[in-house]
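A.B. asks: In our numbering, the protein residues as written are 4 to 93. Below you will find the structure I want to go over with you.
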Amino acid sequence: QLDSGLFPPMPVQLLDVSLGGACLLISSLVDLRRGEMGELRSHAAAPSGGDGLDRLRLRVCWQEVRDWITAVGVAFEPPLKTLPQELDVA
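Dropping the structure here:
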């Protein structure tokens with residue numbers, strides 16, 4: 004779920020993730036501005052007390068809108084030290 008002070012919280016899909024940021028897919032039209040701050044929250048993850056997906060601060064870097072779908076590139080503030088255990092595919 005993506006949360007910002009400019010709009011109500013909305014569900015997102017995580018398309019790609021790295022230590023520095025992520026690409027999110029929003030199934031609606033959203034007007035996000037570059038540099039806008041927000042928070043990414045996962046309801047599936049238990050609070051980790053560390054670098055988990057339960058609550059991450061982010062900054063919007065870019066967005067692209069096509070056919071009622073919005074892709075958003077975000078940078079984590081601060082960057083992650085390790086990928087969250089929920090994403091460990093090794």
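For glycine and all other residues, C-beta sits at the position ideal for the given N, C-alpha and C.
Which word fits Gly52, buried or exposed, when buried means at least 16 other C-beta atoms lie within 10 angstroms of its C-beta?
C.D. replies: For Gly52, the pLDDT reaches just 49, beneath the cut-off of 50, and the residue's location in the model is therefore unreliable, although a value from the coordinates is still provided. Exposed is the call here.
A.B. asks: Using three-state DSSP, classify Gln4 as helix, strand or coil.
C.D. replies: Here Gln4 sits in coil by DSSP.
A.B. asks: Between Ser30 and the rest of its own chain, which residues show a CB-CB distance below 7 Å, the 5 nearest in sequence each way excluded?
C.D. replies: Answer for Ser30: Ile72, listed in chain order.
A.B. asks: Return the CA-CA distance between Arg62 and Gln88, expressed in angstroms with no decimal places.
C.D. replies: Near 22 Å, if we compare the C-alpha coordinates of Gln88 and Arg62.
A.B. asks: Let me confirm a value: Leu27 is counted as buried when at least 16 other C-beta atoms fall within 10 Å, else exposed. Which label applies?
C.D. replies: With 16 or more Cβ atoms within 10 Å of its Cβ, Leu27 is classed as buried.
A.B. asks: For Ala49, does the count of other Cβ atoms within 10 angstroms reach 16, so buried, or fall short, so exposed?
C.D. replies: Unreliable placement is indicated for Ala49, whose pLDDT of 49 sits below 50; the coordinate value is still reported in the next sentence. Exposed, by the Cβ-count rule.
A.B. asks: Name the two residues that bound the continuous beta strand (DSSP E) containing Val75.
C.D. replies: Start and end: 72–79.
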